[in-house]
Structure formats: C-alpha cells, structure tokens
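Read the structure below first, then the notes.
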Amino acid sequence: MDMKTEILDHEVSSPEDSNPEAGRSSGNEEEMPPEENLLASDETPDRGNSDEDHIKCELPRSSRPERGSGGGNPHKGTPVIEVINVKKSYTLGDMEVPILHDINLTVWEGEFLAIMGPSGSGKSTLMNLIGFLDRPTEGKIIIKGLDINTLSDKEVAKLRGLEIGFVFQTFNLIPRLTALENVELPTYANTREGVNARKRAKDLLKMVGLEDRMHHKPGELSGGQSQRVAIARALINDPAILLADEPTGNLDSKTGCEILSMFTRLNEDGRTIVMITHDPEIAKYADRIVLVKDGIVQNNSE
C-alpha cells in the first residue's frame, strides 16, 4: 500500500521522530481478549490545564486488594526495568551539561509507578532513556533482562517496538490519518505473524469508547478523544510496558480523571505502567512514587 510505505519511511522508523510509536503483540493473538470498554462516555472539547492546575477527583477503588493498602510495592518479583548507575549529560559546544546523576531504579512487573518532579528535574529524560529514545552517557538500562548497551540500533528499535508503548502529553497523532489509521501506525514498522492489525485496531478503539469515531481525523476529535486514540495506538502491539509522559497535561480535570481511570484499569489487567507527572494528585493513582529533583532520585521507596 502506497500510504503505508510513505508513512513507514517518513513518520515511524526513527526514534528521533516526533511520533515515536511503540508496542508489541504476543504473536499468537488473533483477537482482542473480551473486555468491557475502558471508557465509553463522550466528551466536550477539552481545556488545557496550566502548570498550577491539579486534577481533582475521587481515586477509583481497585478490585485488587493489595492496592491502596498502604506502603510498599505489592508487585515485587520480576523486574521489567532496571536502571543501574545511570548518568546522562549533553554537550553544548565545549561544555558538558549534566542532566541525570547516578540514577538507580527498578520497576517490577505489573507495577504502576509514578516518576514525579518539577519541570527541569530530569524526569522526562529518564523516561526517554527507559523507552530507548536516548542512550545513557554512563550506566546500564536493562529491559526484561536485555542490556540496551549491548544492542545495535536496529535491535533497540525492535525491542522498543515489541515491549514498549508510549503516551504523550501532546498526543502525537498524524493529522492526515484517521483514528483507525493512527492506531494501526505502529504495526507498519513492527508486526508479528497471526495478528490482524486492522481488526485489533478496531477492537481497541471500541475498548476505549471510540467505536463511532474511528474514521475521524485528529482535528475532528476533542483532546480527551485524541488521548484515547493515542492510548489505543500504544496498545496495538500489546506491549509489556506503557510509558506515559504527562498524559493529562493538555486535558481538563474531568477528562484527565477519565484517562487516569483508564490507566488504572489497564494496570489491573496486568500492564506495567510508568507515568511521568509534576502533580501529586495524579501521582496518587500509582502504586509507588519516585521523586526526581535536580537529576537525582530524592525518594525511591521500594
């Protein structure tokens, strides 16, 4: 298909692109498992929040008894992300600018982790390293037992496509594509045998409550609807890890609550989620909060 080839060449293949799609499917999945809609309500157009805004809503109660029982991480067992003595700096002219200093962090399978910190703290840089969008200056990042320092760029791109889904504050949808085509987009670069990408994309849009919007383009969607398309896109290949960078930052409070409730449901279904935020109200949705300030982990209670 000409459209698919054109998109693959110019909008998917490079991790430096403004639209770094990711995710992966278990190879033997022919259909989506039966699930209720994560969110089915329509929204009014969303209003962007300022940095001072907080999302105020009642935290959803989990059916998993260990969540919310207070303190500690109930998911300890198998680490899916290990950040070991990581430093990151950038070179500006003849100056080296340090961003992260000796970061150590473990994320456990099935955990919902919030990385919290003020603007400029280094939390988004840390997410980019975890998501293979950048490489550390020093130290190791291990994903499901694989050290990315030992992998080629091609192998890193494949691992990112297989194991990680991304959700961004600005949605990063392709304006000229429909919602359905945007959800399918990651499969143009990473596919597995036995998966019907078009059917799975439709099932995911139905799951996030957008069955009647699948042929709409991003300009015809509200902010919350666009973010739900982005979540469906991140899930198209059933990644082990979902990385979300300020996922409610461009949404009004009500819609932000709906998106966070969706993340909670995905986590309860077994998805490992790492969410970047500056807002303590949003961070409360997580099992554990890691505070990053001035490029250093200030609080990492495991």
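1 is the number of the first residue of the sequence shown in the UniProt record's numbering; add one for each residue after it.
Note that CB positions come from ideal geometry on N, CA and C, so glycine has one too.
Presumed contact (8 Å Cβ cut-off) between Val86 and Gly120, rounded CB distance: With a Cβ gap of about 18 Å, Val86 and Gly120 do not count as contacting.
Boundaries (first-last residue) of the alpha helix (DSSP H) holding Thr125: Lys123 to Ile130
Are Thr277 and Glu109 closer than 9 Å when you measure CB to CB? no
Ile236 in three-state terms, based on DSSP: coil
Pair within 9 Å by beta-carbon distance, Val229 and Pro218: yes
Taking only the alpha-carbon atoms, compute the straight-line gap between Gly131 and Leu242 and give it to the nearest angstrom. 9 Å
Rounded to the nearest angstrom, how far is the Cβ of Leu146 from that of Leu159, given a contact under 8 Å? 6 Å
So, helix, strand or coil for Thr264, using DSSP? helix
Going by alpha carbons, who is nearest to Ala232 out of Leu204, Glu246, Asp294 and Leu105? Leu204
Buried or exposed: which applies to Glu111, given that a residue is buried once 16 or more other Cβ atoms fall within 10 Å of its Cβ? buried
Could you pull the DSSP bridge partners for Lys254 from this structure? Partner(s): none; Lys254 has no beta bridge.
Suppose the cutoff is 6 Å on Cβ atoms and the five residues either side in sequence are ignored; what does the same chain contact list for Asn300 look like? Val290
Local conformation of Glu246 per DSSP, three classes: coil
Beta bridge counterpart(s) of Ala114 as assigned by DSSP: Met275 and Ile289
Under 8 Å: do the stretch 76-83 and the stretch 256-264 share three or more Cβ pairs, one atom per stretch? no
For Ile99 versus Thr125, is the C-beta spacing smaller than 9 Å? yes
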